[in-house]
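For any residue, its number in my numbering is found by taking its place in the sequence shown, counting from 1, and adding 163.
Notes follow once the structure below has been shown.
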Amino acid sequence: MSAVVLITFHAGYSHSSLALAALQAACAEEPFFPQIHRLEPLEKADPRWVLEQVLARRPAVAGFSAYLWNIERCLHLARLIKQLSPQTLIVFGGPEAGPRARELLETEAALDFVIEGEGEEAFRDLLRWRLSGVGGPEGVSGLWRRDGARIRSNPPRPPDLAALPSPFELGLIAFDRPLIYWETSRGCPFKCTFCSSAEERLRLIPLPRLERELAVIGRHKDKTVKLLDRSFHLGKGRTLGLLQRFADSGDSLRFHLELNPDRISEEAMLLFEQAAPGRFQFEIGLQTLDAGVLARIQRAMDAPLALQNIRRLTRMRRHALHLDLIVGLPGEGARQCAAALDRTFKLYPDHLQLGFLKLLPGTPLQRQATALGYLWDRQPPYEVLQTPHLSFAEISRLKRYAELLERLWNSGLLRHTLMRLTDAHWGGALSQTFELMLHHLPDGMLRARPGPPVWLEALGGLLQPRLAADAVLRQLFLWDYCSQGVPGGRTPEWIRGLLPPPQRVKTPAGRKPLHRLQLDAVAAAIVNEWRRDPLPAGAYFLWPQRHLKGVPLEILPADGATTTAGPSDEA
164 MSAVVLITFH AGYSHSSLAL AALQAACAEE PFFPQIHRLE PLEKADPRWV
214 LEQVLARRPA VAGFSAYLWN IERCLHLARL IKQLSPQTLI VFGGPEAGPR
264 ARELLETEAA LDFVIEGEGE EAFRDLLRWR LSGVGGPEGV SGLWRRDGAR
314 IRSNPPRPPD LAALPSPFEL GLIAFDRPLI YWETSRGCPF KCTFCSSAEE
364 RLRLIPLPRL ERELAVIGRH KDKTVKLLDR SFHLGKGRTL GLLQRFADSG
414 DSLRFHLELN PDRISEEAML LFEQAAPGRF QFEIGLQTLD AGVLARIQRA
464 MDAPLALQNI RRLTRMRRHA LHLDLIVGLP GEGARQCAAA LDRTFKLYPD
514 HLQLGFLKLL PGTPLQRQAT ALGYLWDRQP PYEVLQTPHL SFAEISRLKR
564 YAELLERLWN SGLLRHTLMR LTDAHWGGAL SQTFELMLHH LPDGMLRARP
614 GPPVWLEALG GLLQPRLAAD AVLRQLFLWD YCSQGVPGGR TPEWIRGLLP
664 PPQRVKTPAG RKPLHRLQLD AVAAAIVNEW RRDPLPAGAY FLWPQRHLKG
714 VPLEILPADG ATTTAGPSDE A
């Protein structure tokens with residue numbers, strides 16, 4: 164037995180593991196390199212099938228990369244392997260294993276070793292010792308192991324990033340999935356106490372290596388390059404140079420970056436304005452807008468400047484923007500959380516996520532949690548249950564807000580409707596809109612997650628009187644509804660009553676039964692919040708092209724459309 168199997172579980176098909184490829188690359192000069200195999204099943208894969216794949220290679224060592232979402236699956240597979248192949252050494256690493264090393268070795272008999280910290284050199288040295296008899300456990304960085312009844316550990320040593328072999332240059336990266344994970348740095352310049360990188364110093368991967376890796380990535384088409392950097396603010400000169408390099412890359416590459424909004428320079432903002440639409444995707448963790456809470460979590464952020472810069476990014480409508488807020492931070496109550504939601508909603512990001520604090524093992528906030536009065540689930544994902552400022556009932560209510568955000572805003576189902584409804588009817592407070600919606604939704608509906616017709620039928624009692632009284636709201640609601648699909652047999656009866664009779668409109672795919680929709684100047688201005696090419700007030704037909712990937716929306720001016728009257732064959 165000399166084979167080594169590296170294993171992780173993915174939450175979705177588009178994901179792949181840069182960590183496993185990096186571990187394999189670190190062993191490129193070793194005699195056992197050809198015997199290293201990677202196995203990356205989906206989390207929902209049949210455990211028996213995965214076990215067969217592992218044991219078929221008769222591994223001397225099975226190494227697991229463990230994360231928040233897959234630790235239980237990893238442990239289950241490790242136990243099965245140990246039962247059937249007791250001589251196989253089981254090694255755990257990754258952000259979920261390292262901080263829990265002592266606990267895992269004390270409670271999981273199947274585990275032989277846990278590696279804390281970055282694993283490339285540590286795993287290589289462990290394999291040298293176990294497979295080639297070179298060195299010993301005392302020299303392996305971050306290694307946790309049993310020594311009789313005792314558990315011993317070595318302090319982790321961060322590797323020299325310039326000395327690590329590149330999995331991209333070695334051809335170890337699979338490009339068969341839409342996402343490519345990449346990194347230009349490790350650690351973080353910030354010290355947010357809830358984050359697993361709070362105590363990791365920032366280190367940069369040398370630019371010449373990045374250029375070579377980007378050349379490899381650039382040979383592939385239609386990929387999203389998701390940078391794993393905790394924050395893409397790496398010094399002004401370096402940051403701008405890399406951003407320009409990304410902007411100049413092939414037309415089918417997109418770069419997903421995490422940004423700190425108050426750190427975006429004017430030069431970077433101009434570059435984003437000039438880059439091809441869709442070249443970048445931005446993920447911004449605002450987390451909170453409360454100055455006192457920011458201080459408690461040691462997060463340095465100029466909130467007014469952050470909001471100003473986010474608004475500038477959203478008004479470009481060139482690059483998708485994802486905003487995050489966190490519920491449950493120290494000192495923040497339900498009213499503050501709702502106020503932050505209301506303020507960030509008014510920025511109209513493409514995606515707005517209301518997340519919930521996870522007290523991750525090894526983070527400063529997790530170590531402080533008991534003293535701060537937190538109650539939380541001790542099993543992954545370690546989500547907060549109650550704080551001195553947020554009751555369990557209040558957190559549960561905010562979870563319902565989060566579900567409404569996903570179903571009505573992030574999905575696009577009622578995007579323009581929510582903008583008008585919230586601004587014109589409830590003073591800009593999305594939280595108030597959601598409160599009223601919750602009164603109209605049946606118990607259990609949010610858990611059941613039904614399709615759009617069921618949502619709209621349930622919300623009819625709330626919407627109908629307001630649609631009758633507000634012509635702009637009515638126009639935007641019909642625009643939203645017809646953007647999702649051609650109205651048909653599942654359309655709720657009350658929505659049918661708002662639609663004009665269908666006309667058969669000539670499209671590249673033949674004549675389609677579409678409804679003539681009107682936008683006055685106010686409604687057009689709201690629709691144009693999402694458009695780079697503004698629409699004038701007027702009449703339009705909407706054709707969601709469900710036969711094409713992504714369901715692009717074709718907007719046909721009614722004045723120029725070729726139509727014939729007649730009943731719809733899809734209604």
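Cβ atoms here follow ideal geometry from the backbone N, Cα and C, with glycine treated the same way.
On a predicted model such as this, the values are computed, not experimentally measured, just so you know.
- For Arg315, the closest alpha carbon among the candidates Ile278, Leu492, Pro321, Ala410 is that of Ile278.
- Taking the Cβ atoms as the reference, Thr347 lies roughly 13 Å from Leu403, outside the contact range of under 8 Å.
- Exclusion of the five residues before and after Gly413 leaves Gly381, Lys384 as the residues of its chain whose Cβ lies within less than 8 Å of its Cβ.
- If you ignore the 5 residues before and after Gln198, its C-beta comes within less than 8 Å of the C-beta of Ser165, Ala166, Val167, all in its own chain and listed in chain order.
- The secondary-structure analysis by DSSP pairs Trp706 across a beta bridge with Glu717.
- For the set Ile460, Asp505, Leu567, the Cα lying nearest the Cα of Arg530 is the one of Ile460.
- In this structure, Asp288 sits near Gly298, with a CB-CB distance shorter than 8 Å.
- Ranked by how close their Cα comes to the Cα of Gly226, the residues Leu247, Glu203, Leu484 have Glu203 in first place.
- If only uninterrupted beta strand (DSSP E) runs of at least 3 residues are considered, those enclosed by the segment 429 to 455 are 443 to 450.
- For Lys399, the enclosing alpha helix (DSSP H) stretches over residues 399 to 410.
- Comparing alpha carbon positions, the residue from Asp586, Gly701, His579 closest to Trp642 is His579.
- In the three-state reduction of the DSSP assignment, His178 falls in the coil class, being assigned neither a helical nor a strand state.
- A Cβ-Cβ separation of about 17 Å leaves Gly494 out of contact with Gly518 under the 8 Å criterion.
- If you check the CB distance, Ile489 and Pro424 do not come in under 8 Å.
- The Cβ-Cβ distance between Val685 and Lys675 does not fall below 8 Å.
- Between Lys389 and His419, the CB-CB gap stays under 8 Å.
- Look at the segment 245 to 283 and you find these whole runs of alpha helix (DSSP H), each 4 residues long or longer: 264 to 270.
- Taking the CA atoms as reference points, Asp586 sits about 52 Å from Glu332.
- In its chain, beyond the 5 residues on either side, Glu281, Glu283, Glu284 have a beta carbon closer than 7 Å to the beta carbon of Pro322.
- Cβ contact annotation for Glu620 (same chain, cutoff 6 Å, sequence separation greater than five): Pro655, in chain order.
- The DSSP-derived three-state label of Arg349 is strand.
- Here Gly226 carries a strand assignment [DSSP, helix/strand/coil].
- Contact check for Phe172 against Cys237 passes: the beta carbons are separated by less than 8 Å.
- The beta carbon of Gln638 lies closer than 8 Å to those of Leu680, Gln681, Leu682, Asp683, Ala686 in the same chain, with the five residues before and after it left out.
- By a beta-carbon distance limit of 8 Å, Ala184 contacts Leu335. Their separation comes to about 5 Å.
- Of Arg610, Arg220, Gln647, Glu269, the smallest CA-CA separation from Phe704 is found for Gln647.
- Taking the Cα of Pro527 as reference, the smallest distance to any Cα among Arg340, Ala191, Ser360, Arg612 is reached at Ser360.
- Contact between Leu294 and Ala191 fails: their C-beta atoms lie close to 15 Å from each other, not under 8 Å.
- The straight-line gap separating the alpha-carbon atoms of Arg309 and Ala469 is approximately 48 Å.
- If you keep only unbroken beta strand (DSSP E) runs of at least 3 residues inside the segment 286 to 324, you get 306 to 310, 313 to 316.
- Under the 10 Å beta carbon count, Gln187 is surrounded by 16 or more other beta carbons and is classified as buried.
- Listed as beta-bridge partners of Arg366 by DSSP are Arg349.
- Separation of Ala503 and Met464 (C-alpha to C-alpha, rounded to the nearest whole angstrom) is 15 Å.
- With a threshold of 16 other beta carbon atoms within 10 Å, Leu247 falls short and is exposed.
- With respect to the 8 Å criterion, Ala532 and Leu548 are not classified as neighbours on the basis of their beta carbons.
- With a minimum length of 4 residues, the unbroken runs of alpha helix (DSSP H) contained wholly in the segment 546 to 587 fall at 555 to 567, 578 to 583.
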